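At position 78 of the sequence shown (counting the first as 1) the number is 78 in the UniProt record's numbering, and the numbers step up by one without a gap. The structure appears right after this line, and notes come after that.
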Amino acid sequence: MPVLNTFRTENTTVFTGAQIVAAPPKQEAKSVLTAAKPFLTGSIAGCFSTCCIQPMDMIKVRIQLNAASGAAASPVGIASKMIAEEGVASLYAGLSAGLTRQVVYTGSRLGLYDVFTDKAKEANGGKPLPLHQTALCALAAGGIAAVVGNPADLSLVRMQADSMLPPAERRGYSSVVSALLSIVKHEGPLGLLKGAGPTATRAMGLNLGMLGGNTEAKKHLKQAEIGGERGDGNALIFSASAIAGFFASAFSLPFDYVKTQIQKQKPDAAGRLQYASSADCALQTLRAGGPLRFYAGFPTYYFRIAPHAMITLVAADKVKQAWKRMGV
Numbered sequence: 001m002p003v004l005n006t007f008r009t010e011n012t013t014v015f016t017g018a019q020i021v022a023a024p025p026k027q028e029a030k031s032v033l034t035a036a037k038p039f040l041t042g043s044i045a046g047c048f049s050t051c052c053i054q055p056m057d058m059i060k061v062r063i064q065l066n067a068a069s070g071a072a073a074s075p076v077g078i079a080s081k082m083i084a085e086e087g088v089a090s091l092y093a094g095l096s097a098g099l100t101r102q103v104v105y106t107g108s109r110l111g112l113y114d115v116f117t118d119k120a121k122e123a124n125g126g127k128p129l130p131l132h133q134t135a136l137c138a139l140a141a142g143g144i145a146a147v148v149g150n151p152a153d154l155s156l157v158r159m160q161a162d163s164m165l166p167p168a169e170r171r172g173y174s175s176v177v178s179a180l181l182s183i184v185k186h187e188g189p190l191g192l193l194k195g196a197g198p199t200a201t202r203a204m205g206l207n208l209g210m211l212g213g214n215t216e217a218k219k220h221l222k223q224a225e226i227g228g229e230r231g232d233g234n235a236l237i238f239s240a241s242a243i244a245g246f247f248a249s250a251f252s253l254p255f256d257y258v259k260t261q262i263q264k265q266k267p268d269a270a271g272r273l274q275y276a277s278s279a280d281c282a283l284q285t286l287r288a289g290g291p292l293r294f295y296a297g298f299p300t301y302y303f304r305i306a307p308h309a310m311i312t313l314v315a316a317d318k319v320k321q322a323w324k325r326m327g328v
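Next comes the structure, spelled out in structure tokens:
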């Protein structure tokens, strides 16, 4: 019977003969962090940008809800009225749901996009991705992330719209946890996926414009030698993200409008909903206000999406630089 000799090194026990090697604990932890890194980067960047942009998002939702009822209002008018009647804190209504959504949705969206593009580059032998592959990566990442983040997104929309309802009709969610528990209790677990279709469609359009547009914009701006010698300077980052913000807004706002109407609707006294589906909502909106109704609040939406895109992309870039300094 053979004798197995053993000797120890730091964090590793080696059995000669059988050669059984235990993986170093530090190496295991590092591999887990490396796998989670793209998703952590997206979550951190998304939460930071949401804290900056939440008031604009709140005003955007109010504009869309006013447009659905035929009422017109300017962003300044809505903000002034909210502050006068509900206080400054009303601009941050639903922040807990917004941050939860960023951890889940933006973390998944940016993380999956990085994973998909890295895999695609490997398959292409390290060459830059053509436009159609970049678009597919962005669409897939956006759609998957939207379904995962739909419960938090649904809670956010309802919390933002709640104060506009008559007191007797308000849901009265105190936090995102309260909203999620109430939805499951009164609508069942599948209620958490209400509006998932339009949410996913909107996210795919947003991701195509934001991440796909950012990648393509950077590619062309680098060719124009914008961004310094290495092509990674602030001028490049801000220029590309501003371009991406415009396309993200233009591609996603119609879907965002439909998503908002679907998620905030409540059954009438007979238990009927105003819209039977996303398609029904789109058709009713088209008949009532024409195609421009879908772009109600576009200036506000753009000035919310573009800065959010810029802050998110810049923050993600800084987080990635921090990972490198940490040796991760």
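Backbone N, C-alpha and C fix where the C-beta goes; we use that ideal spot for every residue, glycine too. Fair warning: this is a prediction, and the values are worked out from it, not measured in the lab.
- Buried is the label assigned to Q102, since at least 16 other Cβ atoms lie within 10 Å of its Cβ.
- The three-state reading of DSSP puts E85 in helix, counting H, G and I together.
- Per DSSP, L208 lies in no alpha helix (DSSP H) and is assigned neither H nor E.
- For L99, the closest of A244, G42, V61 by C-alpha to C-alpha distance is G42.
- Here T285 is near R293, since their CB atoms are less than 8 Å apart.
- Taking 4 residues as the shortest admissible run, the UniProt repeat "Solcar" (133–220) contains the following complete alpha helix (DSSP H) segments, listed from N- to C-terminal end: 176–187, 196–207.
- Contact between the segment 165–184 and the segment 209–219 is not established, with fewer than three Cβ pairs separated by less than 8 Å.
- Rounded to the nearest angstrom, the gap between the Cα atoms of E225 and T312 is 23 Å.
- Rounded to the nearest whole angstrom, the C-alpha separation of A288 and P75 is 22 Å.
- Per DSSP, reduced to three states, the secondary structure at E122 is helical.
- A straight-line Cα-Cα distance of about 14 Å links L190 and S155.
- Remark: fewer than three beta-carbon pairs, one from each stretch, lie closer than 8 Å, so the segment 162–178 and the segment 111–121 are not flagged as touching.
- By the criterion of at least three beta-carbon pairs nearer than 8 Å, the segment 237–256 is in contact with the segment 201–208.
- With respect to P55, Y105 sits apart: the two C-beta atoms are not nearer than 8 Å.
- 8 Å or more divides the Cβ of V258 from the Cβ of K37.
- Annotation: A196 to N214 spans about 25 Å, alpha carbon to alpha carbon.
- Cβ-Cβ separation between F39 and G107: approximately 5 Å, consistent with a contact (criterion under 8 Å).
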